[in-house]
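Below is one structure; the comments refer to it alone.
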């Protein structure tokens, strides 16, 4: 089974802090993704990465950055946390193939509260 | 409590009955579709997928039907059990396939199984 592990289930930080959310997958997947999930808005893509050190902006990248130094690990960084970044953050990974789409597999999320 | 399910349509089904959850997708060029299940406090879990060259696919107790004419996707769960209670949402992936791609997620339907 695919295992996507997010380092924290719950996190409370203060406005202005730099926040790191970590995600590790054990299936040697090329693609990794960060989403946030808010009531009524569904899943929104923040950033994704298709290879080590490669990244692309998603739909809502403002206020966030990412790092992918190793294939199995994808980090989301809130440079200066603000209260509107309080949310559920979900990491996902998927296999890359040349000919067909493959499903994304998700971690259990980090519920982040910014006070 | 879990807040991801706020504002969602709800389907209530008696235990043992069959459930049908529907999804209208937006892009006629989408060629890959996935159903996810999200239980309270957990991340989305892959259930089943279907490609546009098929109109039906079966898994264990689940069947996905694809009607490309009306851009409609449905998930049928046979003999619904209490453990099936969750939010279910669909994802569509538009063509052309590029190796890196963005999902379009539905907002979901909450399934409640009544004892």
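Protein chains in written order, with the numbering used here: chain A, 1 to 115; chain B, 1001 to 1115.
We put the CB at the ideal spot given by N, CA and C, even for glycine.
The DSSP-derived three-state label of residue 84(A) is helix. Three or more Cβ pairs drawn from the segment 1028-1036 of chain B and the segment 1056-1072 of chain B lie within less than 8 Å of each other, which places the two stretches in contact.
Note on geometry: alpha-carbon atoms of residue 1056(B) and residue 1093(B) lie some 17 Å from one another. In this structure residue 1034(B) does not touch residue 1075(B) by the C-beta definition: roughly 10 Å separates them, more than the 8 Å allowed.
Of all C-beta pairs linking the segment 17-29 of chain A to the segment 61-73 of chain A, three or more are shorter than 8 Å, placing the two stretches in contact. Along the segment 9-32 of chain A, the positions whose C-beta sits under 7 Å from a C-beta of chain B are 31, read in chain order. Annotated three-state conformation of residue 1059(B) is coil, per DSSP. Rounded to the nearest whole angstrom, the C-alpha separation of residue 114(A) and residue 21(A) is 13 Å. In terms of Cα proximity to residue 14(A), the closest of 79(A), 35(A), 109(A), 93(A) is 79(A). Take the alpha-carbon of residue 83(A) and the one of residue 1024(B): they are about 33 Å apart. The beta carbon of residue 1103(B) sits closer than 8 Å to some beta carbon of chain A.
Nearest to residue 1085(B) by alpha-carbon distance, out of 1042(B), 1102(B), 1113(B), is 1113(B).
At least one C-beta of chain B is nearer than 8 Å to the C-beta of residue 101(A). Taking 8 Å as the threshold, the shortest C-beta distance from residue 1020(B) to chain A does not fall below it. In the displayed model, residue 107(A) falls within coil according to three-state DSSP, outside both helix and strand. The closest CA to that of residue 43(A), considering only 11(A), 58(A), 68(A), is found on 58(A). Residue 42(A) sits in a strand when the DSSP states are folded into three classes. Put simply, the backbone Cα of residue 1009(B) is about 9 Å away from that of residue 1111(B). Beta-carbon to beta-carbon, residue 47(A) and residue 56(A) are separated by about 7 Å, close enough to satisfy the 8 Å threshold. Under the DSSP assignment, residue 1091(B) falls in the beta strand (DSSP E) whose first and last residues are 1086-1094.
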